[in-house]
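Undergrad: Please find one structure pasted underneath; my questions will follow.
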């Protein structure tokens, strides 16, 4: 035990001594390292200035010299540090020594890299790594060049294993070539450590050697000796790349492994040989003081890159100056020097070119002169003056300039562009002949100074006088000739020299442009030729050739013949001005007629006659002339008389009788009652006069109505008819009487007047209940016009209920009065939406022709008009706050096929006695009607629709038949014994087809709650159906009806026209299996309630039911056209007859007794058109087919 304690005490003292010794050594080593690091840093910072190769032991940088694109790099990674060691003493005091493993050596790598001249390379060198105790040694660092890691990289060795637990630690693996970039060699692996009791044979692992070639040795292994002395730190590896050795320890104090050595990088390349072939220097202006120096060489001797140029200057001498220069294009480099402000010459010598670590002393082709010149002064040009067009400038001189004249320049208006003049490097200049004002200046330059321009001078070029000579002809013999010079250039006044008929020169002075002067010879009796010789202006510039127009002739003409006046045409109603024919005019050639008198005017024309138009009342004279003759003597006086005014003075007409021929102005100066049809050009009513047009008579005025404060009253059914679209002045009173109405009856109105203030609905019927005035909106329906406080617009329709004081049961006539200016001319009504119903109205105080209205509005309106007949009270069936509605059965309907009436409605379903008067195609004044729109454009009323009279039926005119009506019509009534009534019309009329026609077919409105009756075509229910001509007795028309009344009804013929007046008409009852001739008697039948569209068919032949299969037979008849021939074929029955009609129904061809199933028509003389081919079979069946021939 004592021996053990003694051993411990001795060993502890050794430890303390050793500890102090190690601290002193450590401080010494640290100081030495600091000094070495500072030295290496200085070396690294100056490596760029040293010639290659460059060895880097620490991080550093390197600028790539010009011309260098490849470099060879060698790199060693750092050595790994040795492992630490820590001995141990067991419980019995037995000491066990331990040794750490050596660190691996750094790898070696080499590669050639591609570089860019002027770029700085950052070199990274693996640093020394310190060892640690009780842990594996630190891994050695990597050596490379920043940015080139993929091309050159040497990695460090691994650290040696530590020994602190008695195991045998493993040596650090050398840096691996596989982890490097470039051509690489592994570093050596460090040796293993050991463990020994009492440190006998104790040993640490040696460090691995750096990669070869050139790698540093690893730290030497430590060997154990005495037990108490075997504790030491590992040895450091040698640079480059040597691994540190492991530490040893025998007494339990931790020792650190040896440091891994730093790496190393070596960069090698060969410097180019720099040289130049010449050096030049820009001349310098004293004001700037800078000169550009340019060096030239070959691409190899002056490659691209950054340089430092060492140079010297003379006068005064300056040596060892330097400046940076960058060469971007091989063979050419330049730099700029400043400070050359003194006038004179200094030589520059290029002594050395340096780039990076490469340089070359220059001894030839390296000197240039820098010349500094005084600042350029442009000077002043003298000699500018005014000249005439075509002269030279005279001598222009330059003074007060510094430098040499390079050339002269010129500029013309607007003096913004200057043109160099060649071969003018002198201080004086004379121009070529000038044609316009020109400025001149000199271009001056002093040495290398900026070019300056002199102050310019101006040579004003006055134009030669230019212009035309004209005379004052043509005139008659004995006239005084006048000449005129009209200048287009030059300055007046002018001196003019001219000749008369080529004679002597005649000179006139002080002549102004455009002002006449007397000719030398005056007067003249024959034509004279004048010619310009010369013109001199106020600037003394003279022109004697190339005038714009140097010649003129004054012509003397003979007198023309006087025109012959024909029959004077006086004004009339249609034309408010007169005219007069003139004959015996000048011919051939053109002439001018001069009109003087009430209106002065000139007419130009050709030919031997001319009618002078538009002569207002007054007296006129006419003369004629042409281009070669003098004016004629005037004609005799022509009198245009004013329109005759036929005036009623209260007792007599000024023209002896009432005006009836449209030729007089009609004027009423006294009260008058018109009880005949009167007419006139225009109408004048004097103030305070009362004129009444009695019922049934028409006052026709071609132009305007002018009421100057009197009263003009039109009784019920009277008419005011106007022809032209003149503007009327003043008001009329226009009266309309309705058919008898009860309090709850409505009347459809339209105003024939316009007034200011406006004529409103309550002006027409002031006693109507406040909410019983309506207008119709096509989008929303009826709209209440409260208190009737809205204007009645021309062409619009309105409904107004009877006055509130009218009896509910006993009807009375309502008399309304329209007071305002009568409407006249074209009136256009907008249609906001297509396919909607509009309530329109006759806007005139006369009837209009419905057919004309339909035809003129075909593009925008459907051609069926619906008229309220005042037959029944309104219906109140609509719920909510809807107002009174008309029953649709009370609408009489009209289109170009004809009309249907309402009929007498008595008994079940009837409300009041009917008005059975037929519609004949005229719409009375004040009457409105419903019509449906096709488009969203306009409906138009024009004066051409207006007719005289025919105004006595409020909703329709009197029964006036249309002329030249070639149609065939049948009206059918659907009635019962209780008074139910509905009428339809089927008409075969010109213009209609067997398909839907806007102007010939009218849809049922189907609003009668009791019944409806209609014909059917293309699934449409029609109250009027127009069908095509010619009428075919084989035609069939399906009929349909609806009834909520169960019982007996009657179908009967109301009326017929055309062929149907003499032709049998049959009604087929498919339900009863009967064919009944309606011409012999009415057809009575019983019905249940409901709608029946397949019971009745209208026929014109009495074929037994089922005898002829109409549909199948139709399909067996074929008509075709080929090469101007028509082929008719029947597949089943023989053909009896073939007839061909044009589209108007005119017969073009007829073949009887065909007695075959086919017929070829080749002799038909008809142009290209649509034809109708009627084919009749031997069984009596006939059909009509349309073909294009």
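Residue numbers (UniProt numbering): 1 to 1189. In this text, a Cβ means the ideal position worked out from N, Cα and C, and glycines have one as well. Being a predicted model, the structure only gives us computed values, none of them experimental.
(1) Where does the unbroken beta strand (DSSP E) through residue 850 begin, and where does it stop?
(2) Could you tell me whether the Cβ atoms of residue 384 and residue 459 are closer together than 8 Å?
(3) Would you call the segment 177 to 195 in contact with the segment 292 to 299, where contact means no fewer than 3 C-beta pairs closer than 8 Å?
(4) Would you list the one or two residues that DSSP bridges to residue 494?
(5) For residue 761, which of helix, strand or coil comes out of DSSP?
(6) Does the Cβ of residue 1266 have 16 or more other Cβ atoms within 10 Å, making it buried, or fewer, making it exposed?
(7) Using DSSP with H/G/I as helix, E/B as strand and the rest coil, what is residue 943?
(8) Would a C-beta distance cut-off of 8 Å place residue 130 and residue 138 closer than the cut-off?
(9) For residue 190, which residues of its own chain have a beta-carbon under 6 Å away from its beta-carbon, when the five flanking residues on both sides are left out?
(10) How about residue 1094: is its C-beta nearer than 8 Å to some C-beta of chain D?
(11) Exposed or buried, which one is residue 748 when buried takes at least 16 other CB atoms within 10 Å?
(12) Residues in its own chain within less than 6 Å of residue 488 by CB, not counting five upstream and five downstream?
(13) Tell me whether residue 946 is buried or exposed, calling it buried when 16 or more other Cβ atoms sit within 10 Å of its Cβ.
(14) Starting from residue 625, follow the beta strand (DSSP E) in both directions and report where the run begins and ends.
(15) Compute the beta-carbon to beta-carbon distance between residue 1042 and residue 1091, rounded to the nearest angstrom, for a pair I have assumed lies under 8 Å.
(16) Whole angstroms is fine: what's the gap from residue 991's alpha carbon to residue 1028's?
(17) Flag this pair as yes or no: are the beta carbons of residue 973 and residue 824 separated by less than 8 Å?
(18) Please name the residue in 168, 575, 327, 984 whose C-alpha comes closest to that of residue 300.
(19) Per DSSP, what kind of secondary structure is residue 664 in: helix, strand or coil?
(20) Per the contact definition of three or more C-beta pairs closer than 8 Å, is the segment 60 to 71 in contact with the segment 278 to 286?
(21) Please list the terminal residues of the continuous beta strand (DSSP E) segment that includes residue 802.
(22) Which whole-angstrom value is the C-beta distance of residue 410 and residue 349, which I expect to be below 8 Å?
(23) Could you check the C-alpha separation between residue 640 and residue 601 for me, to the nearest Å?
(24) Contact check, residue 822 vs residue 728 under 8 Å by CB: the rounded distance?
(25) Please state whether DSSP places residue 1184 in a helix, a strand or coil.
(26) Do the CB positions of residue 457 and residue 484 come within less than 8 Å of each other?
(27) Within its chain, find whatever has a CB closer than 7 Å to the CB of residue 186; leave out the 5 residues flanking it on each side and keep chain order.
(28) How do the segment 704 to 722 and the segment 730 to 739 stand: do at least 3 beta-carbon pairs fall below 8 Å, yes or no?
(29) Below 8 Å between beta carbons: does that hold for residue 680 and residue 646?
(30) Going by DSSP, which residues form a beta bridge with residue 334?
(31) List the whole-angstrom C-beta distance separating residue 1100 from residue 1033, where the pair is believed to meet the contact cut-off of C-beta under 8 Å.
(32) Looking at the structure shown, is residue 603 part of a helix, part of a strand, or coil, going by DSSP?
(33) With 16 as the cutoff for other CB atoms within 10 Å, does residue 575 come out buried or exposed?
(34) When you compare each of 1142, 1141, 1118 to residue 1135 by their alpha carbons, which one comes out closest?
(35) Within the chosen definition, does the segment 532 to 546 reach the segment 565 to 579 through at least 3 CB pairs nearer than 8 Å?
(36) Do residue 345 and residue 370 have their C-beta atoms within less than 8 Å of each other?
TA: So, from the data block:
(1) Careful: residue 850 lies outside any beta strand (DSSP E), inside the alpha helix (DSSP H) at 850 to 856.
(2) yes
(3) no
(4) 511
(5) helix
(6) Any property of residue 1266 remains undetermined from this structure, which presents the chain solely from 1 to 1189.
(7) helix
(8) yes
(9) 101, 102, 103, 104, 160, 171, 172, 205, 207, 208, 243
(10) Among the chains of the structure shown, chain D does not appear; only one protein chain is present.
(11) buried
(12) 466, 467
(13) buried
(14) 618 to 625
(15) 4 Å
(16) 7 Å
(17) no
(18) 327
(19) coil
(20) no
(21) Note, residue 802: premise wrong, no beta strand (DSSP E); not H, not E.
(22) Residue 410 to residue 349, Cβ: 47 Å. No contact.
(23) 15 Å
(24) 5 Å
(25) strand
(26) no
(27) 107, 174, 175, 176, 177, 211
(28) yes
(29) yes
(30) 294, 326
(31) 4 Å
(32) strand
(33) exposed
(34) 1118
(35) no
(36) yes
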